[in-house]
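Shown next, in structure tokens, is the structure this report addresses.
In this note's numbering, the protein residues as written are 32 to 592.
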């Protein structure tokens, strides 16, 4: 013990109390001393590895190549490499073994022996880099869906229910059950592709699995029809749903770890003529809430919007169809104004992201906790800012407006095509126009457009008709290039990678307030707003086309009403 302490303190400069603390943990729980030291907050892992490399005359690498050969995965279990934190790295002619602990000689010799690479040098690497490389290698070499589906005929039905204990990481699961492997493959592929949803759709003679990438559904797998029952049962078991109930819709939740990413999956089942249809919404727990500056809002809308969300009272509405990023925008707004001196409370269905310092209420109609009843209770909690997930009915709309008129700042969403239509919708709900004119501060309409893939982006000359459809003046196009993506492996051959917003901000100035009192006509309201300087959704989309961010087809797709 004295020898270990002196080596780490004298040679590596680690404080004595830090080493002794790690030794105490080792005595109680076991484990490797070096790994325990690296977990200490006061120890910088990279600095420690560099000192170790100097002392032991070993090479140190802070990162590993993004793509490595994966042949070794057939010979070594993933659990061995994760336990000993090491990975063989073979790129072109260079080969070495990345290790985190230079004193784990036995495991290193064993790995060399299995791979038949006795002479390969060990290189010190940070733990995160090694684990990422291991996850990449085993994720890339998982059985293909076709291989798994060939084994499905020999499935033992009992396996679906006996192997319920999930492993720490989906990639570590070594189950022999083909259906379990197929479900694991489906989840790991969706996480790798950064899909937002998985759809399992039964038809008369077929079963289709699709995934949503950047808002568009693409075919993923087509398992044989007879797998349907076992596949859906497995998902229902994972989501702790009633597998015997196939006549009623059910909702559940699955928490998974895939390649060290924690994923929250919302499960929804719906009985159809040909079996239960399942939709899985994937949410990464580590997803960082994006800030207002990352939304892609142009400066002429960003500046007034950031001022409007700091108002003392009133309503700020965000409108658009399902999946247009309304919740993301509202979360970004809340995060930017979330300080210790204001009380923010939300009522949502569902609570998609947890925000520290904000009280978030989940709607639950089974116990009569609706948007309206939740909002009524929230007002008694002395809030400064209230977020209502969605205005779905007259009662919720009335309470939201009343809250705004009594000194609260209220954020909410509506499903309308543009900003002006939100006024019409609320009047149709039975809200008096004079209440709207005195309570609404602004309405933000938005859509999400796919961004052209930077790897396969090419310039081309667009069809004059397409330019006219978007309302662009041909003179504006003179000397300007328009782009589209050819499709490559980087973007799954779609030509697009990622999404950004297009926005239309209607500010309720005095002229708009006067107009709202006299008319509910959306066209008249929209014309007045444009006269006041409002940039429409289509115009913002056109600006993003001219900036080379998105395509003509994409803007037309999301703004075509």
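Built from N, CA and C at the ideal position, the CB exists for glycine as well.
- In this chain, the alpha helix (DSSP H) harbouring residue 545 covers 541-549.
- Around residue 458, the same chain offers 464, 467 and 551 as residues with beta carbons nearer than 8 angstroms, after the five sequence neighbours per side are excluded.
- Between residue 242 and the set 253, 229, 234 and 235, the nearest pair of CA atoms involves 229.
- The beta carbons of residue 442 and residue 323 sit no closer together than 9 angstroms.
- Secondary structure at residue 65: helix, using DSSP grouped into helix, strand and coil.
- A distance of 9 angstroms or more separates the beta carbons of residue 584 and residue 476.
- Residue 115 sits in a helix when the DSSP states are folded into three classes.
- Rounded to whole angstroms, the gap between the alpha carbons of residue 494 and residue 573 is 15 angstroms.
- Runs of the alpha helix (DSSP H) spanning 4 or more residues and lying entirely within the region 464-490 occur at 464-470, in chain order.
- As for any beta strand (DSSP E) of minimum length 3 sitting wholly inside the region 246-316, the runs are 247-252, 281-289, 292-303 and 306-315, ordered along the chain.
- For residue 529 and residue 484, the gap between their C-alpha atoms comes out near 8 angstroms.
- Distance from the Cα of residue 340 is smallest, within the candidate group 132, 136 and 474, for 474.
- DSSP places residue 453 in the helix class (H, G or I) of the three-state scheme.
- Checking the DSSP bridge columns, you'll see residue 395 partnered with 400.
- The residue among 480, 432, 570 and 518 with its C-alpha nearest the C-alpha of residue 499 is 570.
- The continuous stretches of alpha helix (DSSP H) do not include residue 242, which lies in the beta strand (DSSP E) extending over residues 238-244.
- Residue 66 and residue 80 have their C-alpha atoms some 11 angstroms from each other.
- A Cβ-Cβ separation of about 19 angstroms leaves residue 414 out of contact with residue 471 under the 8 angstroms criterion.
- Contact between residue 296 and residue 311 holds: their C-beta atoms lie close to 5 angstroms from each other, under 8 angstroms.
- Per the coordinates, the alpha-carbon of residue 294 lies some 42 angstroms from the alpha-carbon of residue 502.
- Just so you know, the alpha carbons of residue 234 and residue 101 end up roughly 37 angstroms apart.
- Proximity of the region 380-391 to the region 546-564 falls short of the contact definition, fewer than three beta-carbon pairs being nearer than 8 angstroms.
- Closest in alpha carbon position to residue 231, among 222, 244, 224 and 217, is 217.
- DSSP places residue 528 inside the beta strand (DSSP E), whose first and last residues are 527-538.
- In the structure shown, residue 345 falls within a strand segment according to DSSP collapsed to helix, strand and coil.
- A distance of 9 angstroms or more separates the beta carbons of residue 480 and residue 439.
- Under the DSSP assignment, residue 515 falls outside any alpha helix (DSSP H), being part of the beta strand (DSSP E) whose first and last residues are 513-516.
- Under DSSP, residue 231 forms a beta bridge with 240 and 309.
- For residue 389, no alpha helix (DSSP H) encloses it, and the DSSP letter there is neither H nor E.
- In the three-state scheme derived from DSSP, where H, G and I count as helix and E and B as strand, residue 580 is classed as coil.
- Rounded to the nearest angstrom, the gap between the Cα atoms of residue 117 and residue 164 is 9 angstroms.
- Sequence-distant Cβ neighbours of residue 251 in its own chain, meaning closer than 6 angstroms and more than five residues away, are 240, 241 and 242.
- Rounded to the nearest whole angstrom, the CA to CA distance from residue 153 to residue 104 is 19 angstroms.
- Excluding residues up to 5 positions away in sequence, 270, 271, 272 and 298 lie with their Cβ nearer than 7 angstroms to the Cβ of residue 283 in the same chain.
- Boundaries of the alpha helix (DSSP H) harbouring residue 497: 495-500, taken from the DSSP string.
- The shortest CA-to-CA distance from residue 372 to any of 568, 389 and 491 is the one to 389.
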